[in-house]
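For the record, the sequence lines run as chains A and B.
Just so you know, the numbering used here puts the end of the first sequence at 412, numbered straight through with nothing missing.
Just so you know, the numbering used here puts the end of the second sequence at 742, numbered straight through with nothing missing.
Ideal Cβ positions, reconstructed from N, Cα and C, are used throughout, including at glycine.
Bear in mind the structure is a predicted one, so any value in this text is a computation, not a measurement.
Below is one structure, written out as structure tokens; the observations come after it.
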Amino acid sequence: MLVEKFIDNPRHIEVQVLADKHGNALYLNERECSIQRRNQKVEHPITECITGIDIVQQMIRVAHGHKLNISQDQVPLNGWAFESRVYAEDPYKGFGLPSVGRLHRYVEPHGNGIRCDSGIREGSEISIYYDPLICKLVTHGKDRNTALDTMRDALDHYVIRGVTNNIPLLRDIVEEKRFLERKEQDTVIGFAVALHARKIARAKIFTNQTRQRSTHIDPYTVSYRFIVELPTEEGEAKQRHEVVAQFGAIENELKVTVDGRTVDVSGNMNLAQSTLTLEVNKKPVTTQIVAKRAGEITVLYKGTPFKIKVLPEQAVEYLQHMKEKPKMDMSSVILSPMPGAIKNVNVKVGDMVSEGQELVVMEAMKMQNSLHAGKTGKVKAVNVKVGDTVDDSVVLVELE
Amino acid sequence: MITRLTRPIISGCSNLHKRLCSAAANSSIQHTLRVAEQIEKKRAAALLGGGQARIDAQHKRGKLTARERVNLLLDKGTFREYDMFAEHTCTEFGMEKEKYAGDSVVTGRGEISGRTVFVFSQDFTVFGGSLSSVHARKVCKIMDEAMRVGAPVIGLNDSGGARIQEGVESLAGYADIFQRNVLASGVVPQISMIMGPCAGGAVYSPALTDFTFMVRDSSYLFITGPEVVKAVTNEEVTQEELGGAKTHTTTSGVAHGAFENDVDALMSLRELFNYLPLSNKDASPIRAVDDQWDREVKSLDTVVPLESTAAYNMKDVVTALVDEGDFFEIMPEYAKNLVIGFARMNGRTVGIVGNNPKFAAGCLDINSSVKGARFVRFCTAQEYGGIIRHGAKLLYAFAEATVPKITIITRKAYGGAYDVMSSKHLRGDRNYAWPSAEVAVMGAKGAVQILFRKDKANHAKHEAEYIELFGNPFPAAVRGFVDDIIVPSTTRRRICEDLNLLESKKVKNPKRKHGNIPL
Numbered sequence: 013m014l015v016e017k018f019i020d021n022p023r024h025i026e027v028q029v030l031a032d033k034h035g036n037a038l039y040l041n042e043r044e045c046s047i048q049r050r051n052q053k054v055e056h057p058i059t060e061c062i063t064g065i066d067i068v069q070q071m072i073r074v075a076h077g078h079k080l081n082i083s084q085d086q087v088p089l090n091g092w093a094f095e096s097r098v099y100a101e102d103p104y105k106g107f108g109l110p111s112v113g114r115l116h117r118y119v120e121p122h123g124n125g126i127r128c129d130s131g132i133r134e135g136s137e138i139s140i141y142y143d144p145l146i147c148k149l150v151t152h153g154k155d156r157n158t159a160l161d162t163m164r165d166a167l168d169h170y171v172i173r174g175v176t177n178n179i180p181l182l183r184d185i186v187e188e189k190r191f192l193e194r195k196e197q198d199t200v201i202g203f204a205v206a207l208h209a210r211k212i213a214r215a216k217i218f219t220n221q222t223r224q225r226s227t228h229i230d231p232y233t234v235s236y237r238f239i240v241e242l243p244t245e246e247g248e249a250k251q252r253h254e255v256v257a258q259f260g261a262i263e264n265e266l267k268v269t270v271d272g273r274t275v276d277v278s279g280n281m282n283l284a285q286s287t288l289t290l291e292v293n294k295k296p297v298t299t300q301i302v303a304k305r306a307g308e309i310t311v312l313y314k315g316t317p318f319k320i321k322v323l324p325e326q327a328v329e330y331l332q333h334m335k336e337k338p339k340m341d342m343s344s345v346i347l348s349p350m351p352g353a354i355k356n357v358n359v360k361v362g363d364m365v366s367e368g369q370e371l372v373v374m375e376a377m378k379m380q381n382s383l384h385a386g387k388t389g390k391v392k393a394v395n396v397k398v399g400d401t402v403d404d405s406v407v408l409v410e411l412e
Numbered sequence: 224m225i226t227r228l229t230r231p232i233i234s235g236c237s238n239l240h241k242r243l244c245s246a247a248a249n250s251s252i253q254h255t256l257r258v259a260e261q262i263e264k265k266r267a268a269a270l271l272g273g274g275q276a277r278i279d280a281q282h283k284r285g286k287l288t289a290r291e292r293v294n295l296l297l298d299k300g301t302f303r304e305y306d307m308f309a310e311h312t313c314t315e316f317g318m319e320k321e322k323y324a325g326d327s328v329v330t331g332r333g334e335i336s337g338r339t340v341f342v343f344s345q346d347f348t349v350f351g352g353s354l355s356s357v358h359a360r361k362v363c364k365i366m367d368e369a370m371r372v373g374a375p376v377i378g379l380n381d382s383g384g385a386r387i388q389e390g391v392e393s394l395a396g397y398a399d400i401f402q403r404n405v406l407a408s409g410v411v412p413q414i415s416m417i418m419g420p421c422a423g424g425a426v427y428s429p430a431l432t433d434f435t436f437m438v439r440d441s442s443y444l445f446i447t448g449p450e451v452v453k454a455v456t457n458e459e460v461t462q463e464e465l466g467g468a469k470t471h472t473t474t475s476g477v478a479h480g481a482f483e484n485d486v487d488a489l490m491s492l493r494e495l496f497n498y499l500p501l502s503n504k505d506a507s508p509i510r511a512v513d514d515q516w517d518r519e520v521k522s523l524d525t526v527v528p529l530e531s532t533a534a535y536n537m538k539d540v541v542t543a544l545v546d547e548g549d550f551f552e553i554m555p556e557y558a559k560n561l562v563i564g565f566a567r568m569n570g571r572t573v574g575i576v577g578n579n580p581k582f583a584a585g586c587l588d589i590n591s592s593v594k595g596a597r598f599v600r601f602c603t604a605q606e607y608g609g610i611i612r613h614g615a616k617l618l619y620a621f622a623e624a625t626v627p628k629i630t631i632i633t634r635k636a637y638g639g640a641y642d643v644m645s646s647k648h649l650r651g652d653r654n655y656a657w658p659s660a661e662v663a664v665m666g667a668k669g670a671v672q673i674l675f676r677k678d679k680a681n682h683a684k685h686e687a688e689y690i691e692l693f694g695n696p697f698p699a700a701v702r703g704f705v706d707d708i709i710v711p712s713t714t715r716r717r718i719c720e721d722l723n724l725l726e727s728k729k730v731k732n733p734k735r736k737h738g739n740i741p742l
């Protein structure tokens with residue numbers, strides 16, 4: 013039995029030290045690491061940013077036997093730095109279930125005060141064999157606010173397609189307040205519909221269709237009326253909005269009205285670009301188009317993806333007739349939540365198990381996943397054995 | 224409306240008018256007004272189809288009505304309906320007592336993204352959408368006009384089949400439609416969207432069209448229903464298992480795609496339509512484009528794994544190459560070892576055919592050959608903008624095709640597959656190889672087993688020599704069978720340049736009634 017002092021509301025603070033074999037030692041200021049899962053990491057890049065000292069180089073010098081070439085009074089404290097660890101994890105699944113895949117689109121943010129430490133480039137594969145770390149994104153500024161603003165901007169400009177990632181979580185952490193306010197909702201609807209309207213207008217512009225020219229109407233002069241539906245939690249009533257989009261004098265300007273409220277959107281709406289910086293009601297907004305499908309557009313706003321349904325206004329009544337598909341009863345099967353290796357199988361056919369009992373343990377990306385029975389019952393089939401490698405969504409165990 | 228007209232006429236009578244406002248004149252004016260009223264009444268009734276009760280029943284099933292579907296499919300305000308007042312002519316079984324304006328189908332023309340399309344939408348609320356002679360005549364009329372002016376035909380199917388009371392007239396109606404399906408084939412694109420039951424002889428029409436799509440959980444396509452199956456073979460099978468969307472998109476290959484519900488289906492149909500030319504006399508559409516044609520595609524340099532037997536997903540190659548990664552895949556759940564679909568390169572619609580190593584090592588088998596052949600022939604029939612593909616019926620289709628053909632060998636091109644997949648020898652216009660390409664009769668292991676049968680001890684050495692010799696693009700490049708070995712990240716730029724060049728390509732096949740493609 014271990015007895016420890018209970019510390020209420022603790023902080024995890026680290027102090028970086030550097031010492032040589034000749035009795036000299038330094039401290040390079042401290043780091044606040046409380047917002048971390050699993051308390052694994054020593055985060056040297058932010059110390060390098062505020063001191064300007066290349067810690068890795070110093071370590072190699074010291075290991076070689078050299079004396080430290082800096083004295084304590086030469087260690088500065090310049091500004092402020094933040095580090096976000098960007099992971100190939102789904103922040104909505106179990107607070108971070110890792111995801112594997114190939115990064116078919118990958119663009120790191122860059123600029124003044126931004127440092128991206130990664131071993132990844134476009135086309136790289138995140139596999140089950142390693143830690144799902146994508147990058148250590150570090151920002152530096154003359155004070156806390158500047159560094160934080162730079163971090164927000166960097167996260168908004170980070171393009172990662174091919175694996176789910178934890179940018180929505182990171183972005184939420186560095187955001188000042190929660191954004192369920194109506195004004196922000198209007199902003200998202202405003203620019204999402206503007207982009208969608210541009211897509212629809214563009215669909216009518218053919219460069220080689222010569223028929224019916226005399227009755228052709230310039231799609232940029234027409235106003236577009238839509239019914240827009242925002243994503244909602246399960247069980248929540250669906251919110252629908254009447255939105256009208258009207259192009260202005262040039263095709264890069266739109267006046268969007270959301271249930272009668274005006275949202276002015278302007279900027280380069282090139283649908284092929286990875287990140288777009290638009291002006292919404294005179295305020296700059298950075299977004300990325302994650303997906304555009306028939307009747308739907310998914311955009312990133314402050315790191316979070318919003319899958320927005322945009323349908324022509326005629327659909328306003330039609331949507332309510334569409335049936336909700338019944339949810340499949342998943343309690344009798346155990347599915348693999350992600351690709352990985354089977355570490356442990358605790359049951360065999362014919363065993364009686366109770367709801368919540370651990371049946372299988374999977375391992376991937378240096379993490380173990382415990383999989384539990386969804387209900388009480390008898391085991392009908394066990395489809396895997398220890399050592400097997402499985403894909404995502406494979407039926408591992410079936411209950412009667 | 225009547226009151227507005229009568230007041231000025233009756234109250235504003237001068238002497239001359241008083242003479243004219245005699246009883247006879249009055250009654251003819253009344254008649255005119257009555258007729259006008261009757262027309263409006265009939266129009267309003269036509270809009271209700273089989274009545275509000277049946278409309279509600281349709282909605283309860285999660286389905287839209289025939290008119291609602293047309294409303295959603297076409298650009299707002301562009302629908303010009305034909306034959307709204309047509310009524311059935313059957314007098315058997317007391318049918319003359321029940322007539323509906325427009326009968327069981329809504330037909331006409333409209334626009335999708337500003338381009339003309341002809342559409343028929345079967346009305347399940349009128350006699351279960353069953354086909355009468357008038358229903359067939361309405362459909363034939365729009366098909367005939369579509370062929371005359373050169374515009375696609377979209378059919379929204381939701382019908383219980385032939386109208387039994389009409390007897391052979393109904394069967395004759397179907398035949399008239401089938402004949403037109405065949406005549407229109409290769410002339411204008413024909414698309415069928417199954418949005419309800421489609422049974423018995425009715426299934427032949429969608430089968431004859433270029434593309435057939437279904438709506439999940441509410442549409443069924445089968446020649447004989449579960450009741451008859453049970454009666455004859457004593458086999459229990461549900462409607463869904465026999466002819467639902469899942470069966471036809473994964474097992475039978477009859478449907479080219481399935482959608483979650485009516486709204487999703489119609490919105491997606493609009494997207495597909497934007498890729499298609501209006502007729503075989505029209506050029507493949509080139510649309511305004513945002514994606515730069517000379518964009519370097521870095522991810523292609525690493526998409527083919529260094530390990531030559533490791534699988535990769537051909538779809539990753541396709542979405543990286545095409546404009547904005549927009550790829551409308553056809554038959555995504557069937558014969559997954561071959562990927563087909565539409566995309567745009569620099570705004571120009573192209574058809575894509577690619578072997579997918581992720582499934583069955585991307586080999587060409589019966590199902591994938593048929594899947595590919597039908598698609599290639601659709602592209603050629605429409606005098607397409609170009610067929611791009613990266614890997615008996617398929618070979619015929621490619622050899623016969625006179626549209627621009629661009630081929631990229633991404634990795635293995637072994638044996639017949641090398642020939643079949645639009646090789647230079649089948650008049651491929653541009654053939655490229657990536658550095659990872661391997662062109663050989665067969666893989667090392669198999670080859671060595673045959674060539675060095677008597678020298679088993681040295682097989683490993685021979686395999687290494689074979690790989691050295693054939694596991695690369697040189698055998699093909701040295702003979703000019705590929706035009707160049709290209710850096711993968713430059714593939715997009717190359718294809719866009721070539722498509723531009725090949726726009727003016729002219730090649731003809733020898734004159735004949737029709738070839739004899741192995742069926």
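According to DSSP, is residue i helix, strand or coil?
i	result
residue 530 (chain B)	coil
residue 230 (chain B)	Note that residue 230 (chain B) scores 45 on pLDDT, short of 50, meaning its location in the model is unreliable and no value can be drawn from it.
residue 592 (chain B)	helix
residue 436 (chain B)	strand
residue 581 (chain B)	coil
residue 278 (chain B)	helix
residue 321 (chain A)	strand
residue 95 (chain A)	strand
residue 157 (chain A)	helix
residue 380 (chain A)	strand
residue 665 (chain B)	coil
Is the beta carbon of residue i less than 8 Å from the beta carbon of residue j?
i	j	result
residue 561 (chain B)	residue 594 (chain B)	yes
residue 150 (chain A)	residue 58 (chain A)	yes
residue 655 (chain B)	residue 581 (chain B)	no
residue 400 (chain B)	residue 426 (chain B)	no
residue 314 (chain A)	residue 183 (chain A)	yes
Output, in chain order, the set of chain B residues within a Cβ distance shorter than 8 Å of residue i.
i	result
residue 252 (chain A)	By Cβ distance, chain B contributes nothing, its closest Cβ being about 13 Å from residue 252 (chain A), past 8 Å.
residue 220 (chain A)	506, 508, 509
residue 217 (chain A)	510, 511
residue 370 (chain A)	Neighbours of residue 370 (chain A) on chain B: none; closest Cβ ~33 Å, over 8 Å.
Tell me where the alpha helix (DSSP H) around residue i begins and ends.
i	result
residue 682 (chain B)	682–693
residue 639 (chain B)	639–643
residue 59 (chain A)	56–63
At 8 Å on the CB atoms, spell out the chain A contacts of residue i, in chain order.
i	result
residue 633 (chain B)	Those within 8 Å of residue 633 (chain B) in chain A number zero; the least Cβ separation is about 14 Å.
So residue i and residue j are in contact, right, with Cβ under 8 Å, and what is the actual spacing, rounded?
i	j	result
residue 773 (chain B)	residue 347 (chain B)	There is no way to answer for residue 773 (chain B), as the model of chain B reaches only from 224 to 742.
residue 343 (chain A)	residue 404 (chain A)	Actually they are not in contact, since the Cβ atoms of residue 343 (chain A) and residue 404 (chain A) sit about 19 Å apart, beyond 8 Å.
residue 550 (chain B)	residue 540 (chain B)	Incorrect: roughly 11 Å between the Cβ atoms, too far for contact.
Please compile the residues from chain B whose C-beta is within a distance smaller than 7 Å of the C-beta of residue i.
i	result
residue 283 (chain A)	513, 547
residue 326 (chain A)	294, 295, 299
Quick one: which chain A residues come within Cβ less than 7 Å of residue i?
i	result
residue 494 (chain B)	306
Beta strand (DSSP E) containing residue i: first to last residue?
i	result
residue 253 (chain A)	252–259
residue 282 (chain A)	Counting along the chain, residue 282 (chain A) falls outside any beta strand (DSSP E), and DSSP gives it neither H nor E.
residue 171 (chain B)	Nothing about residue 171 (chain B) can be reported from this structure: the residues present for chain B run from 224 to 742 only.
residue 414 (chain B)	413–417
Mind listing the chain B neighbours of residue i? Cutoff is C-beta to C-beta under 9 Å, in chain order.
i	result
residue 350 (chain A)	Those within 9 Å of residue 350 (chain A) in chain B number zero; the least Cβ separation is about 17 Å.
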